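Protein sequence lines, in the order shown, are assigned to chains X and Z.
Read in order, the letters of the first sequence correspond to residues 1 to 324 in this note's numbering.
Read in order, the letters of the second sequence correspond to residues 325 to 648 in this note's numbering.
Data first, discussion second: the structure below is written as structure tokens.
2 protein chains.
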Amino acid sequence: MAVYTEVTDEALRLFLAEYDLGELLAFRGIAEGVENSNFALKTSNGDFILTLYEKRVDPAELPWFLGLMRHLGSRGLSCPLPVAGRDGVALRSLAGRPAAICTFLPGIWPRRVRPEHCAPLGAALATLHAAGEGFRAERPNTLGPRAWKPLLDRCRDGGDAVQPGLIAELDQHLSGILAEWPKGLPRGHIHADLFPDNVFFLEGRGGVPVCSGVIDFYFACTDFLAYDLAICLNAWCFEPDLAFNVTKARAMINAYNALRPLTQEELAALPVLCRGGAIRFLLTRLYDWTHTPPGALVTRKDPLEYLRRLRFHAQARNVGAYGL
Amino acid sequence: MAVYTEVTDEALRLFLAEYDLGELLAFRGIAEGVENSNFALKTSNGDFILTLYEKRVDPAELPWFLGLMRHLGSRGLSCPLPVAGRDGVALRSLAGRPAAICTFLPGIWPRRVRPEHCAPLGAALATLHAAGEGFRAERPNTLGPRAWKPLLDRCRDGGDAVQPGLIAELDQHLSGILAEWPKGLPRGHIHADLFPDNVFFLEGRGGVPVCSGVIDFYFACTDFLAYDLAICLNAWCFEPDLAFNVTKARAMINAYNALRPLTQEELAALPVLCRGGAIRFLLTRLYDWTHTPPGALVTRKDPLEYLRRLRFHAQARNVGAYGL
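This is the structure:
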């Protein structure tokens, strides 16, 4: 369900008339993505992605997201670039929604993460962090540590129905995480949602995966850089049975570290940052789970997968647990 | 929900290794389509569509569908062409499903049908019927008149909950349709599901829509040619408020007639063929409506839209009601 808004032919024609994109050749809804409506757009000039921003995205924040993508792209990160209309404006309106066209990024996201994906992912993350330097505007992390207690409070009613004792366990984890949360780590612009479906790969020589780019910056914000790495450790290094794959973690961290060396403070904070990353996705999933009517046309993601991750990180004494 | 089956990277790589399609550049699920899983596939050789055939399609019938597409394509209809692997085989297997790659067809299906779409549609339908000649194998219409009574019987229990008195009204319509159903009209291979989302258009000179091709032949069968036109009259000529647009109908029929002149018998039978077309889609929608659990991840289509169409056709005395 990635197309929430239908676009009529007339509306599309009027919209494209504002651009220099040549002749329209194809227009198809894309199945991937859960936050916005995405369309594959083909014109005589090439392939593009048209995004209609749906309710979850605050229109006032879109210029920041598009500006960040432009900044990252100009600083060497491969990512979609907003395409401006003839008047120089990239953020427009279509079918009653804010809308933007971005360049098409070749590549395929890995449906099954292999260890060979993790070094290129770590390198792409470090590249993203370095490329973000110099983009002056900041965007607070609205799903960062300060949001977690209020989120948990809003899950109190339905939470224990998901698993008995869940809320008490989360209360305990959360107070520990907040008490240990680091201060003063290197900050910058982070992706904050760098799951496998947001990273594209092409096949290099000998079948080795090469990262062709990063997409979907609509959770990006300004926060500790190492927290982004912690999110990736959560998103990329657990097997389908939720066992932690230390080979993947080591490859990811080492590749990151080679481009942007982690400080001693960042390395020491990695376990608590990972606990934070796990509880952040646990809480938003739990919120959706307890607030989505069972019959809704939305696939609810299991929050308990992140409880398993959280428990793993909670027993990690130091960065050694992550293969270093 | 047009992607029912996930394809892993490894499975896709092994599958594509059987073809000469060059390097894989992109792979994305397509949101359109409800019967099968469709993916947009881009390689260094161009754009393709990969289809995984899901439960509703009988694998034994796939060679007939793919053969028909090949036949129609070679006889001048613009439609997707099955692409064979290096061994000459087009119908293969992927992720536990029958699967085929077809060529990519440029164009956009009309989200809102304008009168200017209807003449090119009529011409495309006549072209399809003419191109089908010479394809010897027949496929019975499994959703034709003989299927309607059993379908209605399976809706008896839940039907009146959709609208009181619905089943009695349908019984009456159906017995009339079956009693008047014509015999001996010109037969051939019909598309049988030529709704707007199965017909692509490009913009010609002066903004005039030009039909760029026809897709989705998985309901195609061998039946009265004029019944296909009746289905199109149902699918293309009613406005969103379900008023019948006689301008659209006239344009469609005239364009069809110019390429494949309709016989007097076909013209006389048009009203009952239209009633048949309406009840066919009414019954399958009613069946889905009464047999789909309310919470299922499927958008149920309103059967009553077709009751309104059926009533319109039932008051049509002759082809004059369709603008001729």
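Backbone N, C-alpha and C define an ideal beta-carbon position, used for all residues, glycine too.
On a predicted model such as this, the values are computed, not experimentally measured, just so you know.
Reduced DSSP secondary structure (H/G/I, E/B, other) of residue i
| i | result |
| --- | --- |
| HIS189/X | strand |
| PHE135/X | coil |
| PHE195/X | coil |
| ILE555/Z | helix |
| LYS42/X | strand |
| LEU310/X | helix |
| ASP47/X | strand |
| ILE279/X | helix |
| PRO387/Z | helix |
| ASP481/Z | helix |
| ALA226/X | helix |
| THR351/Z | Inspection of the sequence shows that residue 351/Z is occupied by Phe rather than by Thr. Strand at PHE351/Z. |
| VAL83/X | strand |
| LEU267/X | helix |
| ALA567/Z | coil |
| CYS118/X | helix |
| PHE543/Z | coil |
| CYS535/Z | strand |
| CYS237/X | coil |
| PHE200/X | strand |
| ALA100/X | strand |
| SER93/X | strand |
| LEU324/X | coil |
Chain-ordered neighbours of residue i on chain X, where CB pairs are closer than 8 Å
| i | result |
| --- | --- |
| LEU349/Z | PRO106, GLY107 and LEU202 |
| GLU334/Z | ARG112 |
Chain-ordered chain Z contacts of residue i [CB-CB under 9 Å]
| i | result |
| --- | --- |
| GLY85/X | Within 9 Å Cβ-Cβ: nothing; GLY85/X doesn't reach chain Z, min ~19 Å. |
| VAL210/X | Result: empty, since nearest Cβ-Cβ is about 12 Å, beyond 9 Å. |
| VAL7/X | ARG435 |
Buried/exposed call for residue i, threshold 16 Cβ in 10 Å
| i | result |
| --- | --- |
| ASN642/Z | exposed |
| GLY446/Z | buried |
| PRO444/Z | buried |
| ALA137/X | exposed |
| ARG309/X | buried |
| LEU14/X | exposed |
| ALA567/Z | exposed |
| HIS291/X | exposed |
| ASP9/X | buried |
| SER212/X | buried |
| LYS379/Z | exposed |
| ARG300/X | exposed |
| ALA251/X | buried |
| LYS473/Z | exposed |
| ARG470/Z | exposed |
| ALA40/X | buried |
| VAL532/Z | exposed |
| ASN45/X | exposed |
| THR571/Z | exposed |
Partners in chain X for residue i, counting only beta-carbon separations shorter than 7 Å
| i | result |
| --- | --- |
| ARG421/Z | Neighbours of ARG421/Z on chain X: none; closest Cβ ~15 Å, over 7 Å. |
| ALA364/Z | ARG28 and ALA40 |
| GLU359/Z | In chain order: nothing, as chain X lies at least about 14 Å away. |
Proximity to residue i [Cα-Cα], best of the options
| i | options | result |
| --- | --- | --- |
| CYS118/X | PHE135/X, LEU262/X, LEU233/X and ARG285/X | LEU233/X |
| THR546/Z | GLY468/Z, THR332/Z, PHE363/Z and GLY431/Z | GLY468/Z |
| PRO404/Z | ARG410/Z, GLU385/Z, THR375/Z and ASP382/Z | THR375/Z |
| LEU229/X | LEU202/X, GLY204/X, ASP47/X and GLY276/X | GLY276/X |
| PRO140/X | VAL199/X, PHE201/X and PHE224/X | PHE224/X |
| ALA90/X | TRP181/X, TYR306/X and ASP20/X | ASP20/X |
| TYR227/X | ALA255/X, ASP193/X and GLU239/X | ASP193/X |
| GLU203/X | THR329/Z, GLY483/Z and ALA341/Z | ALA341/Z |
| GLY508/Z | PHE525/Z, THR451/Z, GLU589/Z and GLN496/Z | GLU589/Z |
| GLN172/X | TYR322/X, ARG285/X, VAL34/X and ILE279/X | ILE279/X |
| GLY458/Z | VAL437/Z, HIS513/Z and THR466/Z | HIS513/Z |
| PRO186/X | ALA124/X, PRO261/X and LEU166/X | PRO261/X |
| LEU396/Z | ALA455/Z, ALA485/Z and TYR630/Z | ALA455/Z |
Closer than 7 Å at the beta carbon, the chain Z residues around residue i
| i | result |
| --- | --- |
| GLU32/X | ARG352 and GLY353 |
(message) If the cut-off is 9 Å on Cβ atoms, which residues from the segment 561 to 582 of chain Z count as contacting chain X, listed in chain order?
(response) none
(message) By the 9 Å beta-carbon criterion, what residues does the segment 624 to 641 of chain Z contribute toward chain X?
(response) none
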